[in-house]
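Written out below as structure tokens is the structure these notes cover.
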Amino acid sequence: MTDPSPSMQRISQLASHLTKTHPKTFLRNFTSKMASNNSNIHLYTVGTPNGIKVSILLEELGLPYKVTPISFGKNEQKEPWFLEINPNGRIPALTDTLPDGTPINLFESGSIMQYLVDRYDTEHKVSYPRGSKEGYEVNNWLHWQMGGLGPMQGQANHFFRYAPEKIQYGIDRYQNETRRLYSVMERQLEKGDYLVGDRATIADFACWGWVAAHHWAGVSLDEFPKLEAWLHRLLERPGVEKGRHVPSPHTAFDMKNKSEEELEKEAEKSKAWVQAGMKADAKK
């Protein structure tokens, strides 16, 4: 009998991983009627602004799900079993089973969020009907976050906190662009309590973790009162409050009470794996 092909070996490894209890996997248990959708959701994540988007949405929808925390320090997001779920080697990633029994892998936080509301938010609690004016507007803001707010504030984080040397041009460039993007949200929130229409949607949840982490990027909300009010308005929602602490306590609001010296020490903990990851990617 011939040895299985490399691709079959990878599929076998992934199947083994998904069917065994991962040592760091835990199950979020709920009694919500949403469980009748027979979801088989498994979230692979870290408590970053991108990661908590999905856990917040899952909590808002009341869906049962398993969670496996991913260790950046151990480079788990680059391990073969994870790359079978997300070939790009980034979090969050999610697996589920479709109604016909077919397993599905999802990656990119915006794609995951659209999948979850398309399939599970049948009452449109945090979405609008597909094809509606508001539905398209939600997509506008979701893609705006994915292409603008997240990448720009992420670069502000990098140059302000993680770069091996302080490059003022890079710091100014990305902090200023983050402020500009905040001003875009500020103007939109002058129209109402949420980014679109009369309810919090995946557009709001996608942006929330980034705005919550403003202090880490070195950007103040003092000139954005509507945005700051929106930030705390969403925090009053039980789903946001629960979801932001998955898979670990959310500490973004604690940063404001720390000195810059203390924050620099916090950043030092992550600098090593950030730089190691960049070197590894450069070799590929």
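For the sequence shown, position 93 matches number 92 in numbering that gives the first Met the number 0, and the numbering has no gaps at all.
Quick reminder that beta carbons are idealized off the backbone N, C-alpha and C, glycines included.
Suppose the cutoff is 6 Å on Cβ atoms and the five residues either side in sequence are ignored; what does the same chain contact list for residue i look like?
{"i": "residue 247", "result": "46"}
{"i": "residue 239", "result": "55 and 233"}
{"i": "residue 50", "result": "44, 90 and 91"}
{"i": "residue 170", "result": "158 and 159"}
{"i": "residue 115", "result": "56"}
{"i": "residue 229", "result": "188"}
{"i": "residue 96", "result": "39 and 102"}
Quick one: is residue i buried, meaning 16 or more other Cβ sit within 10 Å of its Cβ, or exposed?
{"i": "residue 59", "result": "buried"}
{"i": "residue 281", "result": "exposed"}
{"i": "residue 20", "result": "Because the pLDDT at residue 20 is just 40, under 50, the model does not fix this residue reliably, and the point stays unresolved."}
{"i": "residue 112", "result": "buried"}
{"i": "residue 67", "result": "buried"}
{"i": "residue 284", "result": "Only positions 0 to 283 of the chain appear in the structure, and residue 284 is not among them; the question remains open."}
{"i": "residue 31", "result": "Unreliable positioning characterises residue 31 in this predicted model, as indicated by a pLDDT of 37, which lies under 50. The coordinate reading is nonetheless provided below. It is exposed - the Cβ of residue 31 has fewer than 16 other Cβ atoms within 10 Å."}
{"i": "residue 117", "result": "exposed"}
{"i": "residue 173", "result": "buried"}
{"i": "residue 277", "result": "exposed"}
What separation, rounded to the nearest whole angstrom, lies between the Cα atoms of residue i and residue j?
{"i": "residue 164", "j": "residue 206", "result": "29 Å"}
{"i": "residue 264", "j": "residue 254", "result": "12 Å"}
{"i": "residue 102", "j": "residue 57", "result": "18 Å"}
{"i": "residue 175", "j": "residue 98", "result": "46 Å"}
{"i": "residue 48", "j": "residue 84", "result": "20 Å"}
{"i": "residue 268", "j": "residue 124", "result": "39 Å"}
{"i": "residue 222", "j": "residue 203", "result": "20 Å"}
{"i": "residue 201", "j": "residue 243", "result": "14 Å"}
{"i": "residue 145", "j": "residue 107", "result": "9 Å"}
{"i": "residue 70", "j": "residue 76", "result": "7 Å"}
{"i": "residue 104", "j": "residue 93", "result": "6 Å"}
{"i": "residue 241", "j": "residue 249", "result": "10 Å"}
{"i": "residue 182", "j": "residue 214", "result": "16 Å"}
{"i": "residue 224", "j": "residue 81", "result": "41 Å"}
{"i": "residue 209", "j": "residue 131", "result": "27 Å"}
{"i": "residue 270", "j": "residue 137", "result": "35 Å"}
{"i": "residue 133", "j": "residue 199", "result": "12 Å"}
{"i": "residue 261", "j": "residue 274", "result": "21 Å"}
{"i": "residue 22", "j": "residue 252", "result": "Low confidence applies here, because residue 22 scores a pLDDT of 46, under 50, leaving its location unreliable; read the following figure in that light. Rounded to the nearest angstrom, the two C-alpha atoms are 29 Å apart."}
{"i": "residue 143", "j": "residue 259", "result": "30 Å"}
{"i": "residue 162", "j": "residue 135", "result": "38 Å"}
{"i": "residue 257", "j": "residue 212", "result": "13 Å"}
{"i": "residue 121", "j": "residue 129", "result": "11 Å"}
{"i": "residue 14", "j": "residue 74", "result": "Confidence in residue 14 is poor, its pLDDT being 45 and thus under 50, which makes the residue's placement too unreliable to answer from."}
{"i": "residue 29", "j": "residue 88", "result": "Since pLDDT at residue 29 reaches only 37, below the 50 mark, its modelled position is unreliable, and no value is offered."}
{"i": "residue 237", "j": "residue 266", "result": "30 Å"}
{"i": "residue 235", "j": "residue 186", "result": "22 Å"}
Check the DSSP bridge columns for residue i and list the partner residues they point to.
{"i": "residue 104", "result": "94"}
{"i": "residue 86", "result": "DSSP lists no partner for residue 86."}
{"i": "residue 42", "result": "66 and 93"}
Can you give me the Cβ contacts of residue i inside the same chain, cut-off strictly under 8 Å, excluding the 5 residues immediately before and after it?
{"i": "residue 197", "result": "191"}
{"i": "residue 166", "result": "158"}
Given residue i, which residues of its chain have a CB within under 7 Å of its CB, disregarding the five upstream and five downstream residues?
{"i": "residue 177", "result": "151, 152, 155, 216 and 218"}
{"i": "residue 180", "result": "147, 148 and 151"}
{"i": "residue 227", "result": "220"}
{"i": "residue 140", "result": "194, 195 and 202"}
{"i": "residue 86", "result": "none"}
{"i": "residue 53", "result": "42, 44, 91, 93, 108, 111 and 112"}
{"i": "residue 100", "result": "none"}
Ends of the alpha helix (DSSP H) at residue i?
{"i": "residue 203", "result": "201–211"}
{"i": "residue 155", "result": "149–156"}
{"i": "residue 52", "result": "48–60"}
{"i": "residue 165", "result": "Premise fails: residue 165 is in no alpha helix (DSSP H) and is neither H nor E."}
{"i": "residue 234", "result": "224–234"}
{"i": "residue 141", "result": "132–143"}
{"i": "residue 242", "result": "237–242"}
Any heavy atom of the ligand FMN closer than 7 Å to the Cβ of residue i?
{"i": "residue 79", "result": "Among the ligands in the structure shown, none appear at all, so the ligand FMN cannot be discussed."}
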